[in-house]
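Peer 1: Handing you this structure, nothing more for now.
Chains as they are written, first to last, in my numbering: chain A, 2 to 162; chain B, 119 to 908; chain C, 87 to 376.
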C-alpha cells in the first residue's frame, strides 16, 4: 500500500511521479503534474468540474485512479487554447459571457470540445442534454448554451470555407 | 446623469477575467502551491446532539504523516470564544467555543482537527480518532424546538427561541374587524444550501519572526474577515493579512469566519508551518451554513374589490445550532420589506427564530427570498377567494408612479423604483390575455397549464442609517482608492470580494467613466487587505452601488485634480478643459478640441516635476474615497412564468420565463444579464428540487451528497427572456441601483404562483417547496379538475 | 473525500484476473468503469484492501451475434451499447436503456458488467436484463457457469456473484421479426437514477398481441418481470384501451414499499403511467396509431 512510480501521458508529455495507487487522477493532475486547471467540485461524479479527456473521450477524473491511466492519453484544459489564442469554443464562451466564477468552466470546455466534433449541428435540446452533466451555480446555463451553439456555427462556417 | 452621456458605463465589454479562467489558468485557493504546507482534516460528529465524553487521539497521532491532532480543548486557549450579541431587542446573545468542548450540536459539528502531510493520510487518521459520545435527543423541526419540554440546543439559553421580534403599524385589528373577508395563507420554504461549485478552503502561514499571519481564503468580505480573525486570535489587525484569490462562487456562504478556518489558523501558529484545508463536498453539505427554512403565514383583510386593508405576517425560522450571523437579521429584513410595491398601511409582523440541531444558518443569495412569494402569493389567494383576476388585484393594490417616494408601513422609504412599469412590461411580454385563452383550451384537452406573476422590490444596498434604525450593528459604507501612475496607467481598488461577478471588468468601467479614460487603462485590485481599502465587502447586491459608486466618485475626484493640472498647464479656465479617453480636450472656438496633452503627460508632471503643479497642489496622483450610500437602495423587477404540469407524475415543466427589470444605471449590461440568469436559475432550482433534509426523529442530515441534494441542470432551467427597463436612481453615484438577488425572489414567487394557477381547478394549493413529484401527486391524488375555477 | 489505501492489480488477461480473485477472495473488489464503485470508495463507504482493474481485458468488450442471441462482453461501455448498430438491430431495448444512463462522461466509462454486479434496484441494465431474460456467463478459476439474470440478481445491491468470480458476458435474445421495444423512466432530474422505470417488448401479429415482455424497476429490491399480470392480455387486439388495461394491471401487480421521500402509492402510479407510455410507444413503433 505504499507509493509506486506512475507515468502519465498528459497533453502530449510524459510525466513521472511517485504516488500511492489510491491517488485520484484529479489530484495527480493537480499536484503531481502541476496542472491545476482541472477542478475538484464533488469527488463523486455528479458536478462534472473535473472532466478531462482520456483517449479523446470525456471522463470524470475524480472517478479513476492515476495509476489506472498509465498507457492512456490524457488531455486537460491546459491543452485547449491559451489566453492569447482561445479555441473556437473558448472564444464563444468569452463573447457570450458563458462563465462567471469560472470554476465549472474547464469541465464544460473538456466536455464540449469533443461534443462539437461529433455534433456539428446540435439543437438547443441536444446541447442542454449534454450540458446537464456539468453543474453551474452562477450562470443559469443559458449563456453557456448560446456559446456552444455559436461555436458550432463558427466551426461549420470554418469547415465550409 | 443620463445613460446617453456615459462613455464607459453601460458598454458591453467582454470580461478580462475570462482569459485566465477559460484556459485553466485561474488561481483558486487549492491551486496555490505552498511548499511544506500541511493538510488539515476535521473529525466530525456523527450525531445531531451529543455530549462529548472523551476524545482519544493516540491512534491517529501514531499514523505515518500525522503531525498533530487538536481537539476543542487544545484550540480553546488560543482563541476567544465566538460571541454573537448585537444589542437587538428580542435577540438572545449567544457564545460558543471555537471547536465544541462540551457537546456537539449538529451532525457534522467538527470536534477535532488532524494535521498531516497530505489529505489522504489526514483522512486515514481522522478515522482513527476515537470519540466517545453520549447521544442526546435531537431537535430536528421547528415544532420540536418550540415544544415545552424541548431539549435545549444551547444550554446557556432558557429555551430554543433565539429571537422574537414583532411590531404593529397602523390599525390592524380595526381593519381586520371591518374587512369584507379575511384570507389566511401559508407559505413554507425548505432548508437549502448555497452549493458554490468551489467548496471552502484556506491556507494559513504564520511568520513567527514577524509575528504575522498571512491567511489566504476565498472570501466575499476581506476586511471584515480580517478584523474578526485577528480579534478571535487576539492579534492586532496589523498582524493579519487576508488574501482572497479567484473564488469559485460564494452566494453568501463565504462571508462568516467559520470554526474550521479559525482552527487552521491556530494550527499554523502552533506548528509554525503553513497549514491548508480544502473542504470536501460532503463537508460542504454537512457543515457549511445553510439557509431559508421558514414557515410563514399571512392574513389579509380585504374589501369586496380585493383591496388590501391590512396585512399580518407570521414567520417561524429554523436557524440551526450556531449563530454564524445574528439570528434576527434575515427574518427581520423579510418583515421590513414584504409589502414591497403594494399600498399597505396597516401591517403587523411577528418573527420567531429558533435553534435546532442542524448547521447554523447564513445569508444565501436573497436571504429575504420568500418575501415576494409571500406578497404576490397572498394576492393570488385574494383573487381566488373573491373570484377576481389576479392581474386586476395587483393593479388595484400596486403603488402608482406618482406615489413615489413612498414610505412603507415599516418606515422604509421607496423611491426611484418602477414596479408598475415592469409589471405592465412583463404582462405584455408574456401575452397575458392570449395565455388565458390558451389555458382554457388546453384544459378542455386535459392539459394543465399555469401562469404565475411576481413583482419584486429588491433591497440591494444597505446604508449605515438602515442598520442603525434596525438596531443591527455594522456599517454600509465602502471605500476605494484610485492611483494614476507616472505612465498614465490607472490602478484602483475597493473593499469588495470577487466571487464571479466580473468586478475586474465592470468596476474598471466605473473608474474609466469617472476619470475619463478608456477602461482598458484601468486595472482593478481586489481581495488583498494590505492593498484594498477597508470596505464592507460583497454581500447582498451592494457591489454595483457601493463598490461601483465609491470608485466612480473617487475617479471623479481624480479627474478634478487632473483637470486642475491641465488647466494650469494650458493656462485655460477650468471649465474649458475636459478629459476624454485619456486625452485632454480644450473648448475653443465653440468646440472641444484635442489639447495635445495626454493623461500620462499630466501624471509625469505630478510625480516627477511637482514644482510645475498648480500652487498649493501636492505631488502624486493618489486618491482615496469612502462613500456612505443612502439608507436603502432598491431595484425592482417583475417576473412571469408559464408551467405545464404532468398530472399523472407530478412533474413540473417550465415552458416560458420572462422578467422585466429596472436595476438603475448598469455598469456592464452583460454582467447584469448573467447575474439575472443566475439568480433566476437559483430560485427555480430551489423551488423545484433542492432540499436539505434532516431526519425528524434523529436529526441526521440525509442530504450528504449531490445524489441527495439535487440542483437543477441545463435540462431543467428554461431559457430566460429578459426585458431591460432601467431608470437611474437620483440618490446614488451615476444612478446605480444594483441587483443580483431579485431574480431569486421573483422566480420563487413566479414559479409557485404558476403552479398554483395550474392547480386551482383541482381545488388544491402548493404551500411548500420543493415542488417534488411526491408533493404534487399528494395534492392531486384523487382530485379532478372542475371547469369553473379561473 | 479520499479513498482508503488498497493494493492495485492490473491483470493483462482474464485468466490472470481469475487467478488474482482465487487468491485474494473477499478482500478484493473488481474495478470496471468505476462510476459506482469509486464514489463509494471516495466516501469510504467501500474500502477494499485490493482492487483488481479489469479495464485492460479487451476480450471482455466484444459484441457479437451468436445464434438467436446477442452476446455482449461485460466490459462493454454504456456508450458503446447506446450507439452500436449491432445492438440497435438485434436488441434495441439495450440501447434505449443504455442511452439514458447518467451523463455522457459516465456512459464513456460505465460498463454493462459493472452495472449488473452493482445491482441497483433502479438501474437501466438490471431492468433490461430481467425483462429480456438475459443470461450471464460467470467465470472463476475453476470454470464457468451460466446464470439467468433473475437468478443473478438476489436483492438490492446483492448478486449471486461469488467472491472469486467475474462476469464475462451477457447474452440477450435477439429481437424477433416485427418485435419492438421501449424504455421509459421517471426521475426528478435529468441523468439521475430512475424513481420508477419500465422496459417493454411487444410483438404484434395482425394487430393481435403475440408476445409481450414487461419489466418494472424501482418497485422492489430487484426489477420485476410482470409475466403473470400480463398473461391475460396476450392474444388480444392491441389498442389504446388495451394499453390502459395492461397499465392498470401492472399497477396492481407491483408491491413497492413506502420510503421517506417516495410513498409506495406514487411508485404504483408511476408504474401505471410509464407502462402506458412505454406500450403506447411500442404501438407506434409497430405502426398502430394510438
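Yeah, the Cβ is synthetic: ideal placement off N, Cα and C, and Gly gets one too.
1) How about residue 106 of chain A and residue 131 of chain A: are their beta carbons less than 8 Å apart?
2) Measuring alpha carbon to alpha carbon, tell me which residue in C:242, C:214, C:245 is nearest residue 259 of chain C.
3) Quick check: is the beta carbon of residue 69 of chain A nearer than 8 Å to any beta carbon in chain F?
4) Residues of chain B with CB under 9 Å from residue 225 of chain A, in chain order?
5) Chain C beta carbons: is any one of them nearer than 8 Å to that of residue 214 of chain B?
6) Run through chain C and tell me which residues come within less than 7 Å of residue 895 of chain B, C-beta to C-beta.
7) For chain A, find out if any of its Cβ atoms is closer than 8 Å to the Cβ of residue 752 of chain B; answer yes or no.
8) Mind checking which residues open and close the alpha helix (DSSP H) that includes residue 127 of chain A?
9) Pick helix, strand or coil for residue 475 of chain B, following the three-state DSSP scheme.
10) Threshold first: 4 residues or longer. Then list the alpha helix (DSSP H) segments lying entirely within the stretch 293-339 of chain B, N to C.
11) Name, please, each residue of chain C whose Cβ falls closer than 8 Å to the Cβ of residue 830 of chain B.
12) Could you tell me which residues DSSP pairs with residue 433 of chain B in its beta bridges?
13) Along the stretch 750-781 of chain B, where does the CB come closer than 8 Å to a CB of chain C? Name the residues.
14) Which residues in chain C have a C-beta closer than 9 Å to the C-beta of residue 237 of chain B? List them in chain order.
15) Enumerate in chain order the residues of its own chain whose CB-to-CB distance from residue 656 of chain B is below 6 Å, with the five nearest sequence positions on each side excluded.
16) Give me, in chain order, the residues of the same chain whose beta-carbon lies closer than 7 Å to that of residue 56 of chain C; leave out the 5 immediate sequence neighbours on both sides.
17) Against chain C, with Cβ distances strictly below 8 Å, would residue 10 of chain A count as a contact?
18) So, for residue 5 of chain A: in the same chain, excluding its five sequence neighbours on each side, which residues have a beta-carbon less than 6 Å away from its beta-carbon?
19) Could you name the residues that DSSP lists as bridge partners for residue 212 of chain B?
20) Quickly, what does DSSP pair residue 224 of chain C with across the bridge? List them, please.
21) Where do the N-terminal and C-terminal ends of the beta strand (DSSP E) with residue 115 of chain C fall, by residue?
22) Could you check the C-alpha separation between residue 85 of chain A and residue 132 of chain B for me, to the nearest Å?
23) Curious, which full-length alpha helix (DSSP H) runs of at least 4 residues does the stretch 55-105 of chain A contain?
24) Assuming contact is defined by CB atoms lying nearer than 8 Å, are residue 168 of chain B and residue 279 of chain B in contact in what I supplied?
25) With 8 Å as the threshold, decide whether the Cβ of residue 258 of chain C is near any Cβ in chain A.
26) Check whether the stretch 716-732 of chain B and the stretch 603-611 of chain B are in contact - that is, three or more C-beta pairs closer than 8 Å.
27) What in chain A is Cβ-close to residue 129 of chain C, meaning under 7 Å?
28) Output the residue ranges of the alpha helix (DSSP H) runs that lie fully inside the stretch 446-526 of chain B and measure 4 residues or longer, sorted by chain position.
29) What is the residue span of the alpha helix (DSSP H) that residue 787 of chain B lies within?
30) With respect to the beta strand (DSSP E) encompassing residue 271 of chain C, which residues constitute its N-terminal and C-terminal limits?
31) Since residue 150 of chain A and residue 120 of chain C are thought to touch, with beta carbons under 8 Å apart, how far apart are those beta carbons, to the nearest angstrom?
32) Counting along the chain, where does the alpha helix (DSSP H) carrying residue 25 of chain A start and finish?
33) Where in the stretch 718-766 of chain B do unbroken runs of the beta strand (DSSP E), each at least 3 residues long, occur, reported from the N-terminal end onward?
34) Determine, using beta carbons only, whether residue 282 of chain C and residue 303 of chain C come nearer to each other than 8 Å.
35) Kindly indicate which three-state DSSP category residue 558 of chain B falls into: helix, strand or coil?
36) Using 8 Å for Cβ pairs, my map puts residue 269 of chain C next to residue 183 of chain C. What's the rounded Cβ distance?
Peer 2: For this structure:
1) Within the first chain, numbered from 1, the residue matching residue 106 of chain A stands at position 105. Within the first chain, numbered from 1, the residue matching residue 131 of chain A stands at position 130. No, the Cβ-Cβ distance between residue 106 of chain A and residue 131 of chain A is not below 8 Å.
2) Looking up residue 259 of chain C in the third chain gives position 173. Of the candidates C:242, C:214, C:245, the one whose C-alpha sits nearest the C-alpha of residue 259 of chain C is C:214.
3) Annotation note: the requested chain F is absent from the structure, which comprises protein chains A, B and C.
4) No information on residue 225 of chain A is available, as it lies outside the stretch 2 to 162 that chain A covers here.
5) Here residue 214 of chain B refers to the residue found at position 96 of the second chain. Output row for residue 214 of chain B: interface = no.
6) The residue you call residue 895 of chain B lines up with position 777 of the second chain. 352, 355, listed in chain order.
7) Along the second chain, read from residue 1 onward, the residue named residue 752 of chain B stands at position 634. Cβ-Cβ to chain A under 8 Å: no for residue 752 of chain B.
8) Along the first chain, one-based indexing puts residue 127 of chain A at 126. That run of the alpha helix (DSSP H) goes 125-132.
9) Counting from 1 along the second chain, the entry for residue 475 of chain B is found at position 357. Reduced to three states, the DSSP call for residue 475 of chain B is coil.
10) none
11) For the purposes of this step, residue 830 of chain B is taken as the residue at position 712 of the second chain. 275, listed in chain order.
12) For the purposes of this step, residue 433 of chain B is taken as the residue at position 315 of the second chain. Its beta-bridge partners are B:414, B:469.
13) 766, 767, 768, 769
14) Taking the first residue of the second chain as position 1, residue 237 of chain B is located at position 119. Correct list: 88.
15) Within the second chain, numbered from 1, the residue matching residue 656 of chain B stands at position 538. Only 338, 614, 615 meet the Cβ criterion.
16) Given that chain C is displayed from residue 87 to residue 376, the structure contains no residue 56 of chain C and the question cannot be resolved.
17) Counted from its first residue, the first chain places residue 10 of chain A at position 9. For residue 10 of chain A, the answer is no, since every Cβ of chain C falls outside 8 Å of its Cβ.
18) Mapped onto the first chain, residue 5 of chain A falls at position 4. For residue 5 of chain A, where only same-chain residues beyond five positions count, there are no Cβ hits under 6 Å.
19) The residue labelled residue 212 of chain B in the question sits at position 94 within the second chain. According to DSSP, residue 212 of chain B bridges with B:202.
20) Within the third chain, residue 224 of chain C is the residue found at index 138, counting from 1. According to DSSP, residue 224 of chain C bridges with C:231, C:253.
21) As a first step, residue 115 of chain C is located in the third chain; it is residue number 29 there, counting from the start. Residues 114-117.
22) Residue mapping note: residue 85 of chain A aligns to position 84 of the first chain, counting from 1. Residue mapping note: residue 132 of chain B aligns to position 14 of the second chain, counting from 1. In a straight line, the C-alpha of residue 85 of chain A is about 15 Å away from that of residue 132 of chain B.
23) 89-96
24) Here residue 168 of chain B refers to the residue found at position 50 of the second chain. Here residue 279 of chain B refers to the residue found at position 161 of the second chain. No; because the gap between Cβ atoms is not below 8 Å, this pair is not in contact.
25) Counted from its first residue, the third chain places residue 258 of chain C at position 172. For residue 258 of chain C, the answer is no, since every Cβ of chain A falls outside 8 Å of its Cβ.
26) yes
27) Start at 1 with the first residue of the third chain, and residue 129 of chain C comes out as number 43. Neighbours of residue 129 of chain C on chain A, chain order: 45.
28) 447-455, 488-504, 508-515
29) On the second chain, residue 787 of chain B is found 669 positions in, with the first residue counted as 1. That run of the alpha helix (DSSP H) goes 787-806.
30) Taking the first residue of the third chain as 1, we reach residue 271 of chain C at position 185. Segment 265-272, the beta strand (DSSP E) holding residue 271 of chain C.
31) One-based indexing of the first chain puts residue 150 of chain A at position 149. One-based indexing of the third chain puts residue 120 of chain C at position 34. The pair is not a contact, with the Cβ atoms about 32 Å apart (cut-off 8 Å).
32) Sequence index remark: in the first chain, residue 25 of chain A carries index 24 (1-based). Neither: residue 25 of chain A is in no alpha helix (DSSP H) and is coded neither H nor E.
33) 740-745, 750-764
34) Working through the third chain from its first residue, we reach residue 282 of chain C at position 196. Working through the third chain from its first residue, we reach residue 303 of chain C at position 217. Yes, the pair counts as a contact, with Cβ atoms nearer than the cut-off.
35) Residue mapping note: residue 558 of chain B aligns to position 440 of the second chain, counting from 1. Three-state DSSP puts residue 558 of chain B in a helix.
36) Here residue 269 of chain C refers to the residue found at position 183 when the third chain is read from its first residue. Here residue 183 of chain C refers to the residue found at position 97 when the third chain is read from its first residue. Going by Cβ atoms, the distance from residue 269 of chain C to residue 183 of chain C rounds to 5 Å, so yes, they are a contact pair.
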